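Contents: one structure, followed by commentary.
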Amino acid sequence: MSDNMQAYLLILALAGATYATRIGGDIVLSRFKHINPRVEAALDAVPIAVMTAIVVPMALATGIAETCAVAVTIASSFRLQTNVSILAGVLTVVVLRASGL
Amino acid sequence: MTPSDSSTRKAHFRQGMTDILPVLVSAAPFGVVFGALAAEKGIPFDQILAMSGLMYAGASQMVALELWGFPPPFWTIVLAVLAVNFRHILYSASLGRKMRNWPVSRRFFGFGFMVDPVFALADAQSPTHLSGSYYAGMTVVLYPLWLVSTAIGALFGNLIRDPQVWGLDFILAAYFTVLVMGFRSRPNAFVIILATSLVAVLVYLTLGPPWHVASGGVAGILAAAALVKPKPKEEPDAVVEQGS
Numbered sequence: 065m066s067d068n069m070q071a072y073l074l075i076l077a078l079a080g081a082t083y084a085t086r087i088g089g090d091i092v093l094s095r096f097k098h099i100n101p102r103v104e105a106a107l108d109a110v111p112i113a114v115m116t117a118i119v120v121p122m123a124l125a126t127g128i129a130e131t132c133a134v135a136v137t138i139a140s141s142f143r144l145q146t147n148v149s150i151l152a153g154v155l156t157v158v159v160l161r162a163s164g165l
Numbered sequence: 632m633t634p635s636d637s638s639t640r641k642a643h644f645r646q647g648m649t650d651i652l653p654v655l656v657s658a659a660p661f662g663v664v665f666g667a668l669a670a671e672k673g674i675p676f677d678q679i680l681a682m683s684g685l686m687y688a689g690a691s692q693m694v695a696l697e698l699w700g701f702p703p704p705f706w707t708i709v710l711a712v713l714a715v716n717f718r719h720i721l722y723s724a725s726l727g728r729k730m731r732n733w734p735v736s737r738r739f740f741g742f743g744f745m746v747d748p749v750f751a752l753a754d755a756q757s758p759t760h761l762s763g764s765y766y767a768g769m770t771v772v773l774y775p776l777w778l779v780s781t782a783i784g785a786l787f788g789n790l791i792r793d794p795q796v797w798g799l800d801f802i803l804a805a806y807f808t809v810l811v812m813g814f815r816s817r818p819n820a821f822v823i824i825l826a827t828s829l830v831a832v833l834v835y836l837t838l839g840p841p842w843h844v845a846s847g848g849v850a851g852i853l854a855a856a857a858l859v860k861p862k863p864k865e866e867p868d869a870v871v872e873q874g875s
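Quick note, the sequences are listed as chains P and L, same order. Numbers in our numbering are just positions in the first sequence, counted from 1, shifted up by 64. Numbers in our numbering are just positions in the second sequence, counted from 1, shifted up by 631.
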């Protein structure tokens, strides 16, 4: 098998694996007519829990600059628009990293 | 189909395109960085584009890239990608509940484009029934942008020598932070965030990435399940939004 074929085979496998995770949860869950309230609450919590899990190492376990920048982003998000809050966070991290933190 | 159905759909479609705009600011640099790193690794241009076009999953593409070799270790990469993408199973179980009125074929097609911000925005769009037009509006903007930014990175990647200096690696984290803040009024949000953070940090520092995402996420949803109070009486059915 050529290197090119091999690479494409892998890419197709990765695409398939990714797609499987994207429909897997729905395929399992759509089999149930009635959903238990605890399962319902768990599923409602998915966005907040997973997004938090993605961010938290950057917020707490990367460095002082990143921790401060996440704090600035959180503070901004109470008042400011999404893009402005993101910009505030990114500017914070750029300035603090440049200053050697 | 009545005229008002059609105009509602158009409005939803446009709203989807508008709501995804802030995401472009973080997705585009991410795509450029992916394309640049992939080209630097020596992966041919067509294969780089195929990864973005067929996988359409930035974080796992980065992980695949890190493990890539000549020849690439097949099962190691497949397993790593599955681990990074495990969170999609939760997304699909959660969001699928709001897509029950979609035709099965459309559901299966739509799930192919469920990336993190699209899931979060779709989840916030309606408490019960997700509009297909809204979902399509987000996707027709974000998917082409992902391909174009990947291509730009692969072709002109040398423009960005060090993403860290410009804080490009931080944009995505900042975006997710804002998303989480948007969900803060949901039931038990604070406890869920606390449980998730605790487990995610612990796992990140011990097992290391990418396991902190799945384990932290599961910790958060278990906390949510544990906090359920006895069910209040049924509310009357909300108005069902049809033909989306």
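Note that CB positions come from ideal geometry on N, CA and C, so glycine has one too. Since the model is a prediction, treat every value here as computed from it, not as a measurement.
TODO: Output, in chain order, the set of chain L residues within a Cβ distance shorter than 8 Å of P:Leu124.
DONE: As a working mapping, residue 124 of chain P is identified with position 60 in the first sequence. The contacting residues are Ser828, Val832.
Task: Unbroken alpha helix (DSSP H) run spanning L:His719, endpoints - done: Your numbering for residue 719 of chain L matches position 88 in the second sequence. That run of the alpha helix (DSSP H) goes 705-727.
Open item on the list: So that I know if they touch, is there some Cβ in chain P lying closer than 8 Å to that of L:Phe676?
Closed with: Translated into positions along the second sequence, residue 676 of chain L becomes position 45. Not closer than 8 Å to any Cβ of chain P, the Cβ of L:Phe676 fails to qualify, so no.
TODO: Report yes if the CB atom of P:Ala133 is closer than 8 Å to the CB atom of L:Phe661, and no otherwise.
DONE: In the first sequence, counting from the first residue as 1, residue 133 of chain P sits at position 69. In the second sequence, counting from the first residue as 1, residue 661 of chain L sits at position 30. Result no, Cβ atoms of P:Ala133 and L:Phe661 do not sit closer than 8 Å.
Task: CB contact check: L:Phe701 to chain P, cutoff 8 Å - done: In the second sequence, the residue the question calls residue 701 of chain L occupies position 70. Yes, L:Phe701 counts as interfacial toward chain P.
Open item on the list: Here's the rule: buried if 16 or more other CB atoms are within 10 angstroms of the residue's CB, otherwise exposed. What is L:Pro841?
Closed with: For the purposes of this step, residue 841 of chain L is taken as residue 210 along the second sequence, with counting starting at 1. Looking at its Cβ environment, which holds 16 or more other Cβ atoms inside 10 Å, L:Pro841 is buried.
Task: Whole alpha helix (DSSP H) elements within the region 122-162 of chain P, 4-residue minimum - done: 128-141, 146-162
TODO: Tell me whether L:Val883 sits in a helix, a strand or coil according to DSSP, three-state version.
DONE: The question about residue 883 of chain L has no answer here: the residues shown for chain L are numbered 632 through 875.
Open item on the list: Does chain P have any CB closer than 8 Å to the CB of L:Gly763?
Closed with: Position 132 of the second sequence holds residue 763 of chain L. Not one chain P Cβ lies under 8 Å of L:Gly763.
Task: Residues, ordered as in the chain, of the region 82-97 of chain P that lie near chain L by beta-carbon distance below 7 Å - done: Thr82, Tyr83, Thr85, Arg86, Ile87, Gly88, Gly89, Asp90, Val92, Leu93, Ser94
Open item on the list: I'd like the span of the alpha helix (DSSP H) that includes P:Thr64, first residue to last.
Closed with: There is simply no residue 64 of chain P to check, as chain P begins at 65 and stops at 165 in what is shown.
- [ ] Taking C-beta pairs closer than 8 Å, name the residues in chain P that L:Arg728 reaches, listed in chain order.
- [x] Residue numbering aside, residue 728 of chain L sits at position 97 when the second sequence is read from its first letter. By Cβ distance, chain P contributes Leu93, Ile99, Leu107.
Open item on the list: Suppose the cutoff is 7 Å on Cβ atoms and the five residues either side in sequence are ignored; what does the same chain contact list for L:Leu668 look like?
Closed with: Residue mapping note: residue 668 of chain L aligns to position 37 of the second sequence, counting from 1. Leu696.
Open item on the list: I want to see whether chain L comes within less than 8 Å of P:Ile118, judged by CB atoms only; does it?
Closed with: As a working note, residue 118 of chain P is residue 54 in the first sequence. Interface residue, yes.
Task: the region 93-113 of chain P / the region 772-791 of chain L touching (three or more Cβ pairs under 8 Å) - done: no
- [ ] Return the CA-CA distance between L:Phe717 and L:Leu858, expressed in angstroms with no decimal places.
- [x] Along the second sequence, read from residue 1 onward, the residue named residue 717 of chain L stands at position 86. Along the second sequence, read from residue 1 onward, the residue named residue 858 of chain L stands at position 227. Roughly 24 Å separates the two Cα atoms.
TODO: Give the residues of chain L in contact with P:Ser141, contact being defined as C-beta atoms less than 8 Å apart.
DONE: As a working note, residue 141 of chain P is residue 77 in the first sequence. The answer, in chain order, is Thr808, Val809, Met812, Gly813.
TODO: With DSSP as the reference, label L:Gly798 as helix, strand or coil.
DONE: The residue given as residue 798 of chain L occupies position 167 in the second sequence. In the structure shown, L:Gly798 sits in coil (DSSP, three-state: anything other than H, G, I, E or B).
Open item on the list: I'd like to know if L:His760 contacts chain P, where contact means its C-beta is closer than 8 Å to some C-beta of that chain.
Closed with: Looking up residue 760 of chain L in the second sequence gives position 129. For L:His760, the answer is no, since every Cβ of chain P falls outside 8 Å of its Cβ.
Open item on the list: What would DSSP say about L:Glu872, mapped onto helix, strand or coil?
Closed with: What you label residue 872 of chain L is simply residue 241 of the second sequence in a count that begins at 1. Because L:Glu872 carries a pLDDT of 49, less than 50, the predicted location of this residue cannot be relied on, and the following value inherits that uncertainty. Looking at L:Glu872 - three-state DSSP - the assignment turns out to be coil, as it is neither helix nor strand.
Open item on the list: Between P:Lys97, P:Leu160, P:Ala135, P:Val157, which has its C-alpha nearest L:Met812's C-alpha?
Closed with: Along the second sequence, one-based indexing puts residue 812 of chain L at 181. Closest option to L:Met812, Cα to Cα, is P:Ala135.
Open item on the list: Using the Cβ count rule (16 or more neighbours within 10 Å means buried), how would you classify L:Trp706?
Closed with: In the second sequence, counting from the first residue as 1, residue 706 of chain L sits at position 75. Classification for L:Trp706: exposed.
- [ ] Take L:Arg737 and list the residues in its own chain whose beta-carbon comes closer than 7 Å to its own, dropping the five residues that flank it on each side.
- [x] Locating residue 737 of chain L in the second sequence gives position 106, where the first residue counts as 1. Hits under 7 Å: Gly763.
Task: DSSP state of L:Val859 mapped onto helix, strand, coil - done: If you number the second sequence from 1, residue 859 of chain L lands on position 228. Coil at L:Val859, not helix or strand.
- [ ] Mind listing the chain P neighbours of L:Ser725? Cutoff is C-beta to C-beta under 8 Å, in chain order.
- [x] Mapped onto the second sequence, residue 725 of chain L falls at position 94. Under the 8 Å cutoff, chain P gives Gly89, Leu107, Asp108, Val110, Pro111.
Task: Exposure label - L:Val871; buried when at least 16 CB within 10 Å - done: As a working mapping, residue 871 of chain L is identified with position 240 in the second sequence. Residue confidence is low: L:Val871 scores 49 on pLDDT, short of 50, so the model does not pin down where it sits. Its coordinate-derived value is still stated next. Exposed, because fewer than 16 other Cβ atoms sit within 10 Å of the Cβ of L:Val871.
Open item on the list: Tell me the rounded alpha-carbon separation between L:Ser875 and L:Lys729.
Closed with: Here residue 875 of chain L refers to the residue found at position 244 of the second sequence. Here residue 729 of chain L refers to the residue found at position 98 of the second sequence. With a pLDDT of only 44 at L:Ser875, under the threshold of 50, the placement of this residue in the model should not be trusted; the figure read from the coordinates follows. Taking the straight line joining both Cα atoms gives about 11 Å.
TODO: Would you mind working out which of L:Leu680, L:Ala804, L:Glu671, L:Val715 sits nearest P:Ala81, comparing C-alpha positions?
DONE: Within the first sequence, residue 81 of chain P is the residue found at index 17, counting from 1. P:Ala81 has its Cα closest to that of L:Val715, out of L:Leu680, L:Ala804, L:Glu671, L:Val715.
TODO: Could you give the DSSP three-state label for L:Phe740: helix, strand or coil?
DONE: For the purposes of this step, residue 740 of chain L is taken as residue 109 along the second sequence, with counting starting at 1. Here L:Phe740 sits in helix by DSSP.
Open item on the list: Quick check on the DSSP output: the alpha helix (DSSP H) that includes L:Gly689 runs from which residue to which?
Closed with: Within the second sequence, the letter at position 58 stands for residue 689 of chain L. Its alpha helix (DSSP H) spans residues 689-698.
- [ ] Would you mind sorting P:Ser163 into buried or exposed? The rule is 16 or more other CB atoms within 10 Å of its CB.
- [x] Start at 1 with the first residue of the first sequence, and residue 163 of chain P comes out as number 99. Exposed, by the Cβ-count rule.
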